[in-house]
Each structure stands twice: as structure tokens, then as C-alpha cells.
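Numbering-wise, the sequence shown is residues -27 to -1, 1 to 285 according to mature numbering (1 follows the signal peptide of the UniProt record, and there is no 0).
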Amino acid sequence: MNRRNFVTRGAAGMAGMLLSSPLTGSAAPPPGEAATRSAPPSFDLMKEVMKYRKIDVHAHIYWTDDSPETQLDYGRRLGIEKQVISRYLDVMPGTPEQFRKFNDLTIKAIKKYPGQLLGGFVLNPVYQKESLEEIKRCTDAGMIGPGELYYQVKINDPKYFPIIEKLIDLKMIIHSHAECQLGVGGYRMKYNGYKQPNTSIPEDFVDIARRYPEGIFQYAHIGMGGDWEYECKLFREYPNIYVDTSGSNNAENMIDFAVEHLGEDRLFFASDNSYYQGVGRVLSANLTDRQKQKIFFDNYNNLLKKGGRGVD
């Protein structure tokens, strides 16, 4: 059984248990009260979902056979206007031939669905000349900036400096994969042998944000199961680090905590292909409609506008 089937069947089983038996500890209403007790107010969940404009700033394509049509279907059902998509460079060593091939897939998708998809390119700064050439090629093809830069090189490695400087010149948002393992008793665990040695961690983002205060850095997926409290606290004093909300984990209070420590202007709505979780965690946060609209759409779009790439 794959993960999706497991989650679906598990949720269905739990729903069946709740419907077939009374909740533990619940009491029947006093005699005569059942007839007069008012029904709970109705709530149209999908109306609430659809009232916000949305840009999903972190999504991926072509790692399943039904892509990108599946991603587009999720977007339509959840009112996601645009998805920033890339084919992340999950292969090693990440040669120019490999990242050009992956970027060609993204170019193919955005040309086929220009109204729904925005393209993000991938590269490997080990190949500096080829990466700079690829930025120009992909920008000329209509891409809006880097997709999720992966674990070939840490984001604060000097090999990235010319790449970052070029992206700053182009007023592009610099989006990179990162991880932050959970700890015990307030201490974070050391990274184990299962992690790629060049995986960026929060401290690497702080280092590069200090070096390039004019850069705009997107820290990927605070909802992927890492120590989001630590991440948000660490980034508090670095206004050029933005966090995207993507991931498959639904920790309670995550969005509220991020807004409290980073402010309502430094969060981007994102799914990383966990669409329902992505929308639901923002929707269920204890925020105003205006704050939710900022996270779902305005924050990212305002930065796109600075480079002339905004969504109308």
C-alpha cells in the first residue's frame, strides 16, 4: 500500500469510527432540550477556499507519469491561479546536461499551460559558466527565477556568489531547498549519514542573507517536518529571508507562530505538491482575511512585480 492510499484509508476509517459511535465523554442533552437546541451554523468550506487569490510558489512537475495535468487539476479544485513549478535537480552530480534536460521539461510545461504555470529553473554552481548561461537561456524562455535549488552545493558556498549576484541583478527570488532536523529538549540533532553533506540548513541562509542583504531568499518548506520554531526564531532579524509554507506536515500553530516571529509580509503560500495541506494550514490559521490574502498571493506577487514579472 502506498502512502497516499494509507492516509486515505486511515482517514476514512477514522471518519467511520466517529460516525458510528458517540464521542467518549459526551453526554446526552437533558429531556426536552434536544428538540429546542439550535443547529450549528452552516459553513461553506469551499466558498472560503475560493475567496482568496493564490500563487503556489513551490511545486514540482514530471516526477510522475500524469504530470503536469495532475498538478493543474489540484490547482483548479483549490482555486490556485498560478503554480511556480520546476523539475528539481535530485540527481547527482547535477551536470549541465542534466540540469538543461530538467529545465527543458519545465519550459515545455509553461509553454503548454502559460495561464497556469510559472517556470523555475535549476542549475549547479559547480559549473559556473554553464549555470550563468542557463540563467539567460531560461529567462529568455519566460522563466521567472530559480526553482528549488537542491543539495549539490550549499546556498552560502562561494561557488554560488556569482550566481546570486546575477539573480539579484535580475531582481529574482532565490529559492533553495533546506532542512532542519527536530531536536529533543530544546537541542537540535546533528545531521546523520542519511543527509546529503551539502544540504543547506538555516544557518547557511543566515550567512548568505548577511552577505547579500539586497538579495531575496526563499527558504523552502517550513512544513516538511523540521524544526519550524527554530527556523522562524533564527530568521527573525533577517528581513530578506522569506519562508514558504509548503510540506506534508500539519503542525498546529505553525503559520500563526511564523507570522508572530517574521511578520505577515514574509510568508509565501506553497504546497510542494501537498496541495490540501498547503491550503488548509493557511486557511485554518488564526489570521485576518487580509493577512491570509497576503500569504496566499500578495507577498510573493509584490516581489515579482519588482522584477517586472507580476501576476495581474
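Here a beta-carbon is modelled for each residue, glycine too, at the ideal position from N, C-alpha and C.
Minimum Cα-Cα distance from H31 among the listed residues F94, K265 and A224 corresponds to F94. About 11 Å separates the beta carbons of S173 and H148, which is beyond the 8 Å limit, so they are not a contact pair. A direct Cα-to-Cα measurement between V99 and P131 gives close to 10 Å. Between the alpha carbons of G120 and E210 lies a distance of about 25 Å. As the crow flies, the alpha-carbon of M23 is around 11 Å from that of L256.
Linking H33 to K27 through their CA atoms gives a straight-line distance of about 16 Å. Between G188 and L51, the alpha-carbon positions lie close to 31 Å from each other. S59 has H33 as its beta-bridge partners, per DSSP. Between Q71 and T37, the alpha-carbon positions lie close to 18 Å from each other. In this structure, the CA atom of Y124 is about 20 Å from the CA atom of D77. In the pairwise beta carbon analysis, the segment 253 to 269 is classified as touching the segment 229 to 242: at least three pairs are separated by under 8 Å.
G280 is positioned such that its CB atom lies no closer than 7 Å to that of N274.
A residue is called buried once 16 or more other Cβ atoms fall within 10 Å of its Cβ, and G220 is buried on that count.
In this structure the segment 238 to 248 touches the segment 189 to 196; the number of beta carbon pairs closer than 8 Å is three or more. When C-alpha distances from D180 are compared across P170, Q169 and N213, the shortest belongs to N213.
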